[in-house]
Amino acid sequence: MRWMAQQLNEPLFASLQPIPGTAEQVKPPGFQAPLLPMAGLIQSVATPEFAGITFHEVLSKTALNKVPPSSTMPFEWTVNPYRGCSHACVYCFARKSHTYLDFDAGTDFDSQVVVKVNVADVLRKELFKPSWQHHHVALGTNTDPYQRAEGRYKLMPGIIGALADSGTPFSILTKGTLLARDLPLLRAAGRDVNVGMGISLALLDEELAQTLEPGTPSPKARLSLISKLRDAGLPCGVMAMPILPWLTDSEDALDALIASLAHAGATGVSAGALYLRPGTREWFMGWLAREHPSLVGRYQRLYGSGAYSPKEYRQWLASRVNEAKARHGFGTQGFVHDPRQEEASYPHGSLPALTGKDHKTTVPLTRGGFRGNSNAREGGGSKKAGIPEGTPTSADPAPTLF
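Next up, the structure:
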């Protein structure tokens, strides 16, 4: 089934055809009933470029999502242009959220992607309301805004433009190298608002990555993206999560990862152990049984029936990560010991540093974009933006964005 002439107007589901003179309908070849009634659904489509993936195009009534007051997240609003994610990371914490749409948290999360085709227009209207207080808006907190579908739907340029034009600071967390397409827009946005950029990268083993996160750009490609962001003068914190017991937590693996991030110019690194929420746990353990059956018993003993590894393991892992970070010029803060309490441990550079009683972070920043540089604050460094390695935390270097 194809998009006719590469336009987004060919329905995936062929229509039932009436049988003349009867009340019955005939099912044409290839007929599939829609999976569920979905609010605002325009059509469900598929294309050979995205084999095995169905896109459910919807008209959204709202774009901004309010973060619950009880959350420890360091932002109050999010925008998610997509639901579901073709990156197909077996450990993704957001899998459970797909069940709210009556999809499953496994195959459906990877292959049934909801696309809010009007999200940029709706967001612009919301941001220009007199009541909007210009709080930090985070993207990439649930599913990736630069997953492969973004190459076709091109929702992010309109979102970036709406945020910048309204004077709203924002951050993006992604695994998607498609972000490089929007570097000119992000640089321009940084002239008007504070921005944060984050890349998710927790391993270098290309073969392991191919089975663990099969729809993502390779680790090498993401390292290159970090360098491109830094060369463009943008900050770039790295979320080295999740670290996987017996797979990516060896001293050699962690040292190689942190060394590569430092070489690429990352402005900060946060790390944390795998945690297995319901929905994610079942999917991950199924993958483990297929790919690394000898580890199943170890994981069952380590995690028991819960989502979190034991405190002793997290402390041991934190020590190993911090040693690697210290060797490569990063500070030793930012390890997430307990996601229930430390969700706000985002790496330097991945969030716009804001001031004011309405915000949850207080690092001062100039209006013209990312100020100082997170290398200095974390004690790490890169020469990509003209900042010497090992700049002391008390220094106040010139802005790195412009």
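If you count the sequence shown from 1, position 298 lands on 298 in our numbering, and the numbers rise without skipping.
C-beta: ideal position from N, C-alpha, C; glycine also.
TYR91, DSSP secondary structure in three states | Sequence index remark: in the sequence shown, residue 91 carries index 91 (1-based). TYR91 falls in the coil class under three-state DSSP.
Could you tell me how far apart the beta carbons of LYS96 and THR280 are, in whole angstroms, since I believe they sit closer than 8 Å?
-> Locating residue 96 in the sequence shown gives position 96, counting from the first residue. Locating residue 280 in the sequence shown gives position 280, counting from the first residue. Confirmed, about 7 Å.
Check whether the Cβ atoms of HIS134 and THR168 lie closer than 7 Å to each other.
-> Taking the first residue of the sequence shown as 1, we reach residue 134 at position 134. Taking the first residue of the sequence shown as 1, we reach residue 168 at position 168. Yes. Within cutoff.
The segment 300-317 in contact with the segment 331-341 per 3-pair CB rule at 8 Å = yes
Distance between GLY297 and VAL195 (C-alpha atoms, nearest Å) | Locating residue 195 in the sequence shown gives position 195, counting from the first residue. Locating residue 297 in the sequence shown gives position 297, counting from the first residue. The alpha-carbon atoms of VAL195 and GLY297 are separated by roughly 43 Å.
DSSP-derived helix/strand/coil call for ARG148 | Residue mapping note: residue 148 aligns to position 148 of the sequence shown, counting from 1. ARG148 falls in the coil class under three-state DSSP.
Taking 7 Å as the cut-off, decide whether the C-beta atoms of ALA221 and THR174 are in contact.
-> In the sequence shown, residue 221 corresponds to position 221, counting from 1. In the sequence shown, residue 174 corresponds to position 174, counting from 1. It is not a contact, given that the beta carbons lie outside the stated cut-off.
Is there contact between the segment 61-76 and the segment 98-114, where contact requires at least three CB pairs shorter than 8 Å?
-> no
For the segment 249-259 against the segment 285-296, are there 3 or more C-beta pairs whose distance is under 8 Å?
-> Taking 8 Å as the limit for Cβ pairs, the verdict is that the segment 285-296 does not touch the segment 249-259.
Rounded to a whole number of angstroms, what is the C-alpha to C-alpha distance between PRO145 and ALA162?
-> Position 145 of the sequence shown, counted from the first residue, corresponds to residue 145. Position 162 of the sequence shown, counted from the first residue, corresponds to residue 162. Cα to Cα, PRO145 sits roughly 15 Å from ALA162.
Please report how far the alpha carbon of TYR299 lies from the alpha carbon of THR141, in whole angstroms.
-> Along the sequence shown, one-based indexing puts residue 299 at 299. Along the sequence shown, one-based indexing puts residue 141 at 141. Rounded to the nearest angstrom, the two C-alpha atoms are 26 Å apart.
Using the beta-carbon count (16 or more within 10 Å), is GLY265 buried or exposed?
-> Numbered from 1 along the sequence shown, position 265 holds the residue referred to as residue 265. Buried, because 16 or more other Cβ atoms sit within 10 Å of the Cβ of GLY265.
Quick one: what does DSSP say PRO219 is sitting in, helix, strand or coil?
-> Counting from one through the sequence shown, the residue named residue 219 turns up at place 219. PRO219: helix per DSSP, three-state reduction.
Helix, strand or coil for TRP287 per DSSP?
-> For the purposes of this step, residue 287 is taken as the residue at position 287 of the sequence shown. In the structure shown, TRP287 sits in a helix (DSSP, three-state: H, G or I).
With burial defined as no fewer than 16 other Cβ atoms inside 10 Å of the residue's Cβ, what is the status of ASP102: buried or exposed?
-> The count along the sequence shown starts at 1 and reaches residue 102 at position 102. ASP102 should be labelled exposed.
Do LEU201 and ALA209 come within 7 Å of each other at the CB atom, strictly closer than that value?
-> Taking the sequence shown and counting its residues from 1, the one referred to as residue 209 is at position 209. Taking the sequence shown and counting its residues from 1, the one referred to as residue 201 is at position 201. Cβ distance not < 7 Å, so ALA209 and LEU201 don't count as in contact.
What residue from LEU212, PRO214 and VAL238 has the CA that sits closest to SER224's CA?
-> To locate residue 224, count along the sequence shown from 1; it is residue 224. When only C-alpha atoms are compared, the closest one is VAL238.
Starting from the N-terminal side, write out each stretch of the beta strand (DSSP E) that is 3 residues or longer and does not extend beyond the segment 108-186.
-> At a cut-off of 3 residues, the continuous stretches assigned as beta strand (DSSP E) that sit fully inside the segment 108-186 are 112-116, 137-139 and 170-174.
Between ASP121, LYS154 and ASP165, which lies nearest to ALA180 when the distance is taken from Cα to Cα?
-> Here the question's residue 180 lines up with position 180 in the sequence shown. If we check each option's Cα against that of ALA180, LYS154 comes out closest.
What are the residues that DSSP puts in a beta bridge with GLY198?
-> Along the sequence shown, read from residue 1 onward, the residue named residue 198 stands at position 198. Its beta-bridge partners are LEU173 and GLY237.
What is the DSSP secondary structure of ARG298, reduced to helix, strand or coil?
-> Start at 1 with the first residue of the sequence shown, and residue 298 comes out as number 298. Three-state DSSP puts ARG298 in a helix.
Which listed residue (PHE109, ALA51 and PRO235) has its alpha carbon closest to that of GLY268 = Along the sequence shown, one-based indexing puts residue 268 at 268. Per the C-alpha coordinates, the member of PHE109, ALA51 and PRO235 positioned closest to GLY268 is PRO235.
Nearest to ARG187 by CA position, among GLU213, ALA164, GLY198 and GLU49, is which residue?
-> The residue you call residue 187 lines up with position 187 of the sequence shown. Nearest of GLU213, ALA164, GLY198 and GLU49 to ARG187, Cα basis: ALA164.
Where does PRO242 fall in DSSP's three states?
-> Here residue 242 corresponds to residue number 242 of the sequence shown, with the count starting at 1. PRO242: strand per DSSP, three-state reduction.
When ARG191, LEU183 and THR248 are compared against ARG320, the one with the closest alpha-carbon = Against the sequence shown, residue 320 aligns to sequence position 320. The option with the nearest alpha carbon to ARG320 is THR248.
Would you tell me roughly how many angstroms separate the C-alpha atoms of PRO219 and ALA88, rounded to the nearest one?
-> Translated into positions along the sequence shown, residue 219 becomes position 219. Translated into positions along the sequence shown, residue 88 becomes position 88. Their Cα atoms are separated by approximately 15 Å.
Residues bridged to ARG83 [DSSP beta-bridge criterion] | Counting from 1 along the sequence shown, the entry for residue 83 is found at position 83. According to DSSP, ARG83 bridges with VAL114.
In its own chain, which residues sit with a C-beta less than 8 Å from the C-beta of LYS228, not counting the 5 before and 5 after it?
-> As a first step, residue 228 is located in the sequence shown; it is residue number 228 there, counting from the start. Only ALA180 and LEU183 meet the Cβ criterion.
Name the one or two DSSP bridge partners that LEU274 has.
-> As a position in the sequence shown, residue 274 is number 274, starting the count at 1. Answer is none; LEU274 lacks a bridge partner.
Output yes or no for whether 7 Å exceeds the beta carbon distance between PRO310 and LEU274.
-> Here the question's residue 310 lines up with position 310 in the sequence shown. Here the question's residue 274 lines up with position 274 in the sequence shown. No.
Helix or strand or just coil, what does DSSP make of GLN210?
-> Looking up residue 210 in the sequence shown gives position 210. In the structure shown, GLN210 sits in a helix (DSSP, three-state: H, G or I).
With ALA262 and HIS328 assumed to form a contact (beta carbons below 8 Å), what rounded beta-carbon distance in angstroms separates them?
-> One-based indexing of the sequence shown puts residue 262 at position 262. One-based indexing of the sequence shown puts residue 328 at position 328. Confirmed, Cβ separation roughly 4 Å.
Please state if the CB of ALA138 and the CB of SER171 are separated by a distance shorter than 7 Å.
-> Reading the sequence shown from its first residue, position 171 is the one you call residue 171. Reading the sequence shown from its first residue, position 138 is the one you call residue 138. Taking 7 Å as the Cβ cut-off, SER171 and ALA138 qualify as a contacting pair.
Does the distance from the CB of PRO352 to the CB of SER270 come in under 7 Å?
-> As a first step, residue 352 is located in the sequence shown; it is residue number 352 there, counting from the start. As a first step, residue 270 is located in the sequence shown; it is residue number 270 there, counting from the start. The Cβ-Cβ distance between PRO352 and SER270 does not fall below 7 Å.
Sequence-distant residues of its chain with Cβ nearer than 6 Å to ALA259 (five each side left out) | In the sequence shown, residue 259 corresponds to position 259, counting from 1. Result list for ALA259: HIS328, in chain order.
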